[in-house]
Structure formats: C-alpha cells, structure tokens
Amino acid sequence: MGAGREFAKGLWSENPIFRVVLGLCPTLAVTTSAQNGVGMGIAATFVLLCSNVIISVLRSFIPRKIRIPAYIVIIATFVTVVDLVMNAYFNPLHKALGIFIPLIVVNCIIMGRAEAFASKNGVLYSLLDGLGMGIGFTISLVAIASIRELLGNGTIFGAAVMGSSYVPFMLLILPPGAFILLGTMLGAMNRVEIALARRAGRAPSIRKEHDCASCAIFAGWSNAADKIKALEEAGR
Amino acid sequence: MVAAIIALSALALVASFGLAMVARAFAVPVDPKVEEIEGALPGANCGGCGLPGCSELARRIAEGRADVDACPVGGESVARSISRIMGVAFAGGGARKTALVFCAGDDETARRRFYYNGVKDCASAALLFGGDKLCGYGCLGLGTCAGVCPFGAIEMSALGLPVIDPSKCTACNKCVLACPKKIIKLVPVSRRVHILCSSHDKGAKVRKACSVGCIACTKCVKEAPEGAIAMQDNLAVASGVPEIPDSVAAVCPMNTIRVVDLGISAPADAAGAAAEGAAS
Amino acid sequence: MKSGTFFGGVHPRYEKDLAGGRPIETMPLPARLVVPFAQNLGAAPKPVVKKGDEVKRGQLIAEPQGFVSVPLHAPTSGVVQAIDVFPHPVGADLPAVVIVPDGKDEWAPGLNVERDAGDLGADALRGVIRDAGLVGMGGAAFPTHVKLSPPKDKPIDVLVLNGAECEPYLTADHRLMAERPAEIVEGASWFAKALGVENVIVAVEKNKPDAIAAMRPAAEARGYAVRALDVVYPQGAERQLIFALTGRRVPAGGLPMDVGVLVQNVGTCYAAFEAVRRNRPLTERVVCVTGRGVANPKNVLARIGTTFGDAIAFCGGLREDAGKIIGGGPMMGVAQYSLDAPVTKGTSGIVVLTRREAVQYAGDPCIRCGRCLRACPMLLNPSVLSVYAERLRFDETAAHHVLDCIECGCCAYVCPSRRPMVHHFRRAKAEIRKKQARAV
Amino acid sequence: MEERLPDAGPKAPGTKEKTEEPIARFLVSSSPHVHEGIRIRSVMGLVIVALLPASVFSIYLFGLPALFTILVSVASAAGFEWLWQKVVRRPGTAGDLSAVLTGLLLALNLPAGSPWWLILVGNLFAIVVAKQLYGGIGYNIFNPALVGRVVLLVAFPVHMTSRWISPSAWGMDAVTTATPLGRAREALLATGSVDAALTRNEAIDLLIGNRAGSLGEVSVILLLIGGIFLLAKRVITWHAPVAFIGSVWAMAGIFHLANPARFADPSFHVLTGGLFLGAFFMATDYVTTPLAPAGKIVFGIGCGVVTVVIRLFGSYPEGVSFGILLMNAFTPLIDRAFKPAVFGARRAKTA
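Keeping their order, the protein sequence lines are chains A, B, C and D.
According to my numbering, the first sequence is numbered sequentially starting from 1.
According to my numbering, the second sequence is numbered sequentially starting from 1001.
According to my numbering, the third sequence is numbered sequentially starting from 2001.
According to my numbering, the fourth sequence is numbered sequentially starting from 3001.
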C-alpha cells in the first residue's frame, strides 16, 4: 500500500469512529459543541501523531513483552504535554474538555494504532497513519458535535444560526442524544458504504459484529426482510 | 522538573524489576509459530476447516496435527506462506474450489406440483412431500444456502435459483451441508463444463417435470472423451478426469450441460481476496 | 370426578354437521387400490407379493419387520399390477402395491368366519390382534399389540375408549359410535381382557349426544362408564384426554402407560371386534369425506388403498373452488398435493377446504400477543419457540421443550401474525432428532 | 400483508408455461389448515376502539386543540411508517393499524394544543427510531409511543410540563395551569406539605376528568371502560394493569401512612397522572411486555414502584412513562425467569 492510502484509510475505510468504532468515551462525552470537538480532535491527533512516530522509531528497541507499559509511558508523556499546553494557552477549552484530556492516555484509538500499526511499520507510514487517523477522528467528532450543537442549541461554533423562533431540541445535548445520534450515523454510514460497494462491485466492508445478522438478540433478523420479500414474490 | 525525572525513573526501575520477576515466574512457553500461522490465516473464523476458528487451526498446524493447506478458504497463497513458516516444502497444486448448484430448474424451466405455503426455508419445505417441485431432486429455491453462506457469495436469482459468486465463494462447505436436496457440490474453478442436474428419474419423468433436466440420452457420453462422463442411475455424471471439452455442451438436447465460466483461475486473485477479507 | 377438561385449547368452528347426520355408506370397489406398505408407526412391513401375483382379500401382502410393526393384508381379491412410489397421506412419496380388483372380493381361506373367542387368553388375543394388522385408527397408527403389551413394571389400570373426535369436520368415529355401539364395546372388552383391566371409560365430547345415547346402554351393560367431555380442541389428544378423565399427567417424553392408562380409538375397538369375532384382518375403515370443497359430504366405509380421488368421486366429486385436500382433520391432518394419495389405516377423514377457507400463512413477525401461550395444551411457549426455530437456533428450541409439542396446531390457529408455528416446530424436531442420531 | 390466495394472484411459479393440465392445483402447507381469522389489524383496531371514549372526551374537554393534536399525531405516525417502508423498500405493514395506534397513544400523552412540530418530532422518534430502526413491528424493545413522549419530555420540558390548558370546553379561555400532580409538587416545594394542593382536587373531578392534564390522562372512568372492554374481548389480560395500579396504590399508601403531610393520599396517586392510560394501554403492549402471566405481574409491580419513586422523589412530577420504559428493558429478563412449565414435566426428568 502506498503512503497515500495509509493516510486516507483513517478518513473513510478505517475511520476510527464510524468504521472501527473506537474511542467512544470522548466521542459521546465532549461532542456537545463543535468547538469542543475540534479541541478534542486536535489534542488526540497530536498525541496520536507523536506517539506513533516515537513508537515506530523505538519499535525494534522495545522488547515485545513489555511493549504495553512502554507505549503507556510514551503516550502519557504526550498527553501530559497537551494537557499543560492547553491549560496554558486555551484555558476555557481545557476547562470544557475537563477530564477527557488526561483520559486520552487510555484512548483506544491511540493504543490501537500503536499496537496494530506503529509497532510494525516504518516512521513515515506511522506518521501518515497517525495523521490520517487523527484527522479522521477530528472530522468525525466535529460532524457529530456540529449536529448536536446545531439541533440541540441552535448554534454552530457558538454562532446562532437557527433563528430566534427555533426551539432547541435539548435531547441531543444530553447524553442519551449522543447515543441516539451516533447510532443513527453509524447506520447511515453503513448504508452509504453498502451503496458505494455495490456501485464499485465489491463486498461492503462492514464488520460482521455491526451487522444485525450477528446480533445475539436479533440473530437472523437481517434475513427476515429477505424472507418476507421472497414470500411476497412467491405469492404474486 | 528534576523531581519529575527522578520520580519517573525510579518508577520505571521498580516497575521493570517487577515485570522481570513476573515474566520469569509465570513464563508460559508458546510456540511462536502459532501466532505467525494465525497471522497468515484469513481470520474469518468461518469454520470451513471443521475447527472452531482460525486460532485452533493455527495451533494444530503448528503441532503438526493439520496440513499446511488445511484452510480451504485461504487457498494456495495462504498454504504457501504457512509452509514457509513451518519450514516444510509445499507442493502446491491443490486446486481452488467453488460451490456449484447442480440444478438448472428455475421458475421457468421446472414445474411445481403444488402451491407451497409455509416457512420460507428449504429444509422446512422438504418436510412436506420433499418440496413443491415436480422433480424430486430439484432446487426448492427458498434460499437456505444463501442464508447460511458466511461470505455473502450466494444470491437468489429472480427465477429462484441460487447464484454462487465464485470470487466470493471460499468453498467452506456450509451450503453443501445446508441444502436438503444435496444439489450443491464443490468443484475446481478450473473446470468449465458442468452437468447441471441431479435427477435420477427416468427420462420421461424428467421431461414432464423440467425442461432442462438430464434425460439420460447418453449423447454426451458418446461425444465426450472416454471416461469423462458416466451414466449413473439415469444421470450423466462428470468424473473430472479427463476434462469435458466445451463441445459436449452443444450436443446436450436439454441444455443441461453448460459451459460455466467460474472466472477466476489465477491464484493471485484469490490471495488478494483473502488479504482483503483479513483487512476488513 | 375430575375436571372434564384440560389447560389451554381452542374452540375452532367444528363444521360437524356437514357429514355428522349422514349414516355410514359402504363404498363400492374402485378400479384400483393403492396400498402403501408404511401404514403403521415403526418399521414398515416387507412385501411378500410381486407384480402379477393374484391375491385374495385378507391375504398377507407384507410381513412385519420387528416388534413395532404389523402385517399388511390385501384389501380385496385381484391382481398385483405394480409396486411403485405413490404419494402417501403422511406427507411423503412412498412405495405402495397397486391392486386391480377382480370384482369377486373373495376372502382368503380361513378368514371371515365367526369365532367364539371366549376361550382366548391374553397372549392369544394379542396374537390375533397383531396378525389382523391393527393399528391406532385415530391417526397416529401406532401398532395396537404393542400398546397391549406394557412392561411388567407399568401395570395398566384404566382403559379409555377415545370417542372424543375433537378434530373439526370429522365424524367417522361419531357415526361408528352411533351405529355400531355394541361392536365397539365388545372390541374394547377384548382389549380389557388382554390387559386384565376392569376400569373402562368411554369418553365422548358433548357435541355428539346421539353417540353418547347409543354408547351408554352398550357400555353400561358391561359395567363401563360413559363420560361426556367438554367440547374443546384437542380434547381427544391422549395426554389431554387422560388428564381430563383421571387427573393424571403423562410425564413429558413419557407414554400413557407411565400413568397406568391405555387409550384406544373407538375405530380401533371396532376393528378389534372384527378381528377377534369374525377373523377379519383390517382391510377397510370408516372415512369421513367432508368439507365445503366436496359436493356431498359422507361417511364411507372404504377399503384401505382407496385413493382420495375415488373416495371424493363417490361423494359427488370436488367443487370448483376446492383448494386444499387434507388427509385427516383440518387441525392435524396433512395437506395432499395429489388425489392419488390412498386411504390408509390411519386415515380418519378426507377434508376438502375451499381456497378461501384454508389458512394462508404469512410469517409476519411475532408480536408477542401471548394468544398461543394461552392456547397451548402442553403449556409450552410457542411464541418463543417459533422465533428460535425461525432463526435456526434449534438447541434453544430443544431447551424450550419443542419435543413435547404434540403438533395440535392450537398456536397457529390463534396466531394473528399467521405464523406457520407447527411447521417451524416440525423443522426443529427434525433437526434435533438428526443431531441426536448423529450423537449416538 | 393480505391473504395471498392461489386463485387471486397469478399462477405459482413454474406453471405459467402452456401445459395441457395444471399440475400445481392444491395448496400444501403444514397443519393446521384452518384459522380463527384474527389478524394483527383486528387486534390493533380493538385497542383503538377502546381508546375512543377517552379521546372523544378529551376533545369535548379541551376543544379544537385536542382534536388537532390527535389528528396530526395519528396522521404523522402513519405517514412516517409508510415513508420509512418506502425508503428501506420493505413490504408495508402500515395497514396493520399499529402505527395509527402508536400515533393515537402519543397524542393522548401530549398536552392539548401542542404545536405541530412537537407532535411531528415525537412521532418521528416513536415510529422511526423506537420502532422501525429496531426492526419494525414485533422487534421493538421499547414502547414507541412512550419513547416519543419521553424524548419530547426531555428535549422540550417547557412545552411538555408547564403549558397545560385547563378544561374549558371549546377554547373559551385557554388558561395555562398545572396538572394535579404538578400542583402537588409545587405545593410541596412551597409549603412542605401537599394538603393545600389536594383540597383543590375533589376525587370526583379526578375520576370524570375535570382537570388539567395530557389528552388521555384526564378521564379515569372512560379509560377504565376502555380497559374493561379490552379485557372482555380478551385482547389484554388483567395481570399487568392490576399489578401496576395495585402497586402504585400500595406503595403510595405506605408512604402516606408514614408521613401524611409530605406524601399524598394513595387514591390521589392512583387517579392522577397517566396511570390508567399507562396501565391498561401501554403496560399491556404485546411487543414490549412479558409473555407469561407471572411475568406480567412482576412487570406491573416494577412499573408501579418506579412510578411512585419518581413521583415522590424524582425531579419530574409524573413517572408512569419512565416506569413502563424502564420495565420494557427488563422484559427479556422477566421472560427468561418465567418460562411456562411444560405439561407433565413435573414428573419427568429434573434436568
């Protein structure tokens, strides 16, 4: 795979939130405003980029057995840097994001990329991977946050856009709204992926566990629609 | 700042010492080959090899209890990389296979003997007089095979026959086992000419039931090279060796024998598909 | 006195008046008879005739294979035309012998003679009944002599004559009880003698007052009780009948003999009378040909092997809107695709429904209304079972006791989503049995 | 889905070629071959009929705004259902009246004179999010109408809790007032006692519905008549409603005995709020409540306990919706716990 693909995969095909569904804790918690989304995204991207590069550099030096503590130390270092910098220069944002900045340490996207990519690939690719994943994460966060802020508060980046007669749909600002919106967006993205795949004549890359067919509660449900369709056709 | 450095260093020292102790005390010898082999397998955990999952197969291969080409899905390329890991020579050659439906009796060509009204599932339909097709051997067309295919390789055609996409089929055998009429079989993708019927009925009965069924006229046996096609209980059956030439399809009066282009014979494609499957 | 009824059940439209008032008519011999070998539960008997053979009525044409199997006899005199595969009312295509009657209807030597059976012992009675090819004539076709041979540790103390006939439409048992009560009761007395049972109960649903009135003097003459039962489907199912009469519960997976009860259909009792007193093997039975798809619904005495087409033709033929031919009753019978299916020992009726009457299954999702739970006489949860079966999770259906389902059809009868419940359960049972067979 | 009769549609597949005699002539299916005749539509229709008296009364009481709310809600529910099925190309179930019922129930859970967009948003969540995204009829975990209501309650608390019109038939003077439960809460917050609020509400007013509230919660008697109608028609069973109302009464009674000044009379709690609507029409919803009778009783008690806890200690004056929704989540668990015992299994194996 070329460098371009390593960068681009984070944007769509392996988008950390919508495809791989990682890092949901900050995704659900901080996306109450678009500004928060941007802040969280940039912070995570910075950590991801730096940790990926450092881990890639040190990958042959770190013994395999103690790689986890080693990664944690590296990631924690950069998170501390981000925490201190944000506190110093972007104090209101730092306050808004609160505990979720320190919690980047245990963000599974960062650990995941370190383990799955940076520890196996060269510095350039790891850098691109981290950048792509970070930007994909940021875009996703901003997308979710914009919708929540727009509908739930009538603003985007703090600017009122919905007019004075708009009654804010407060549910979206609240935690349940985050879940509902994320679920709906995941479903919609899968739809888009299926449509794209069909057009391109390839199998849609939807993880088995995101498909209703493999759900323990509704196992086999996705077949139900087809069965009904077949029944209809048989009757006609 | 000095405090931070000292604290971190001290902590690191203590932690690494502890880790070293733990590593020594609880060391579990793991054959590194297992991990490597597992990495080489497609990772779909489809069960096509008959084992619970890829890791189990990897363990067995590493222990020498399974062959390097035991994964039916991975095909030659996977077998090759596993043989490299195991350090054994791989002769290659195990031809890639795909599932094929040995029935051409769709809604236009095959007749039905009653209106079936029940569970839309072939095995259930077969409980009632063996299904509604007039031909007792034919495809019931309710898509049970499509439902069990873990790779989405089977789709039902508008005329009610399963269509298997050889590029997606991994020859995992699930559909073969699921079909109550036992009309799906695994065939090498390299084979081009197939006899798409499973009916052992006599010619007259077949003619009444289906316009594309084998009526055992033996024209194909005469046309094909010696030993390529044999009549078994009113049904022409390909033996596989020698290959049936394309010309035989033309002599079949019922259009039962057809040239089926299974498309992919280049192993490179198969490897690509397997790799993509692992990545997604 | 016990409750006289059981849990669950449904009240279908009985439609018994279609054929209920019509006396049993003897059907003339048709042009050919198709006699399938598999007419009893257990192993099918093995043919002993071949194409071209001449046979007499009552002559053995297939001999039993093992204990749970009964012999098969030629239903009339004639020539064996062929042995081939034919549709069988149980829902499969099975081998059968085709006999072309010669019209003389001659009995094989030694048969059809009155005999004073008073001195026959229990074992001799069992032998006579077995040799006559008797099976349960209510529909299950379980070999009668097997039922009459309970293991030593399970003594039978109650014999129940099942005249409930809870299936809608069917009136064969009803007519038999109304017209031949003395013969039925005498047949039952041979069963009682073979088992050494004193307590005999004749169970009839309340919707057959003339049958109850006819049976009462005949039964009471021998000291048997006649019990009028509530009209609920499936009152005539063994377990439900036993509970209604005695309060005993047949354990799940067990048999009536586990609670000391034997249930015999009244038709079987009549056949036992014929076998013991007249030395006539089972070659004919009463079949109720009914339903709105038939021109003149009737109760006919037909030879085993009479095709549904011939029987229906005798009853005036099919109406134009006939859409479904059922071998048996509409609740538990098997839909036939062909009029070539023959009357077998277990065929109590031929019901022809019009296209409008027959249920059209849809398989909409279960809305969990719980109607099936209330209807299920086995106290199962058909709703959950059908959902599991639909999703091919057969292990779960086994855990939810699908094997205890008696396939009475109450759940599907009341289902507002028109789910093919019984079909799901039959599939699940087949899969579970297949798995069990593999495990052994 | 309508009946598909072989004579109604074209021939079964495989018979369209010109043949001398039709081969597929008869219908073959598994037994049983007859049916009681009931459909999902008829069940839903009965529930709608049972709700009609209360609906009509609410129109009499609150005037045109109530009629407007009901019509918009029913139309939008059916519309969303139809639209969704068009979008995902799934065979329509819009004809089975379940969406109409959801729309009606949601309307009965709204204040009279709710703005149109509020009703639309509520039905969007009820039909699309709570029902169709979970797989449509039979698969939804939560009661759609209640999901719609709770979403509105959480998202637009002002519209949902403080704009009650007092009963003044046909829009004479639409005074905004509070529901009895709301007044009880206000009084409690203001004076530390609920008595003041209670004196203003005669039991008889509560019973016949001369009070403020959402459309469907006002007339206890008419709701009871509807519930009894459903019981008589055997559409619902008594278990859940009796357990629900009984447990509310019992629990409120215990608190009242412990501290009459702080906690209102149990009959006040039984007669106010949407308890009867919830108990008879939503705690009996087939899809989202347990199957077995014992399970229904547990479900009803759970609903009652949550309702009383929210009413007495929560931040919302009313807790019926939350009670039912919370218990909806427990339904699979309750179902698992109360499997019916197989006939005769008692003496069989113990396994």
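Don't be surprised by glycine CBs; every beta carbon is placed ideally from N, CA and C.
Item, Value
"Segment contact flag, the stretch 1211-1225 of chain B with the stretch 1239-1256 of chain B, C-beta cutoff 8 Å, min 3 pairs", "yes"
"Alpha helix (DSSP H) runs contained entirely in the stretch 3109-3135 of chain D, provided each spans 4 or more residues", "3116-3123"
"Chain G within 9 Å of H3159/D, Cβ atoms only", "Structure shown: chain G not included; protein chains present are A, B, C and D."
"is_contact[F3280/D, chain C] using C-beta, thresh 9 Å", "no"
"Helix, strand or coil at K1133/B [DSSP, three-state]", "strand"
"CA-to-CA distance, S3219/D to L2968/D, given in whole angstroms", "Residue 2968/D lies beyond the residue range present for chain D, which begins at 3001 and ends at 3351; the question has no answer from this structure."
"Pairwise C-alpha distance: R1111/B and A116/A", "56 Å"
"Q2336/C - DSSP class collapsed to helix/strand/coil", "strand"
"Integer Cβ distance of E2284/C from L2301/C, believed to fall under 8 Å", "6 Å"
"Which of helix, strand or coil DSSP assigns to D3335/D", "helix"
"Reduced DSSP secondary structure (H/G/I, E/B, other) of H3239/D", "helix"
"Test: G79/A CB closer than 9 Å to a CB of chain B", "The amino acid at residue 79/A is misidentified as Gly; the sequence shows Val. Not closer than 9 Å to any Cβ of chain B, the Cβ of V79/A fails to qualify, so no."
"Close Cβ partners of V2414/C (< 7 Å) along its chain, the five nearest in sequence each way excluded", "V2010, R2371, C2372 and A2375"
"Nearest neighbour of A143/A, chosen from M170/A, A29/A and S33/A [CA to CA]", "S33/A"
"Start-to-end residues for the beta strand (DSSP E) that takes in T2290/C", "E2284 to T2290"
"Proximity test, Cβ basis, 9 Å: K95/A and chain B", "no"
"Chain D contact for M170/A (CB, 9 Å cutoff)", "yes"
"Cβ distance (whole Å) where C1049/B is taken to contact P1072/B below 8 Å", "6 Å"
"Ordered list of alpha helix (DSSP H) runs contained in the stretch 3032-3064 of chain D, each at least 4 residues", "3040-3062"
"For C1210/B, three-class secondary structure by DSSP", "strand"
"Expected contact under 8 Å - CB spacing of A2499/C and C2269/C to nearest Å", "For chain C, the structure presents residues 2001 to 2440; residue 2499/C sits outside this window and is missing."
"is_contact[V3373/D, chain C] using C-beta, thresh 9 Å", "Residue 3373/D is absent from the structure shown; chain D starts at 3001 and stops at 3351."
"Residue-level contact to chain A via CB, R1008/B, 9 Å cutoff", "Before going on, a small fix: residue 1008/B reads as Leu here, not Arg. Chain A, which has a Cβ nearer than 9 Å to the Cβ of L1008/B, makes this yes."
"The stretch 3266-3280 of chain D touching the stretch 3242-3258 of chain D, judged by at least three CB pairs closer than 8 Å", "yes"
"Proximal residues to V2276/C (C-beta, below 6 Å), its chain only, five neighbours per side dropped", "A2117, V2128 and W2190"
"Cβ-Cβ distance between V79/A and V123/A below 9 Å", "no"
"Pairwise C-alpha distance: G3300/D and K3233/D", "21 Å"
"Proximity of L97/A and I74/A at Cβ, strictly below 9 Å", "no"
"Residues bridged to L2161/C [DSSP beta-bridge criterion]", "V2202/C and Q2264/C"
"Proximity test, Cβ basis, 9 Å: V57/A and chain B", "no"
"Beta strand (DSSP E) segment containing E1226/B, residue limits", "First-last for E1226/B: undefined, no H or E at that position."
"Distance CB(Q2264/C)-CB(T2347/C) smaller than 9 Å", "no"
"C-beta contact flag for R2319/C and V2266/C at 9 Å", "no"
"Buried or exposed by the 16-neighbour rule on C-beta atoms within 10 Å, applied to Y89/A", "exposed"
"Q2235/C, enclosing alpha helix (DSSP H) - first and last residue", "That residue, Q2235/C, is in no alpha helix (DSSP H); it is neither H nor E in DSSP."
"Chain D within 9 Å of Q2436/C, Cβ atoms only", "no"
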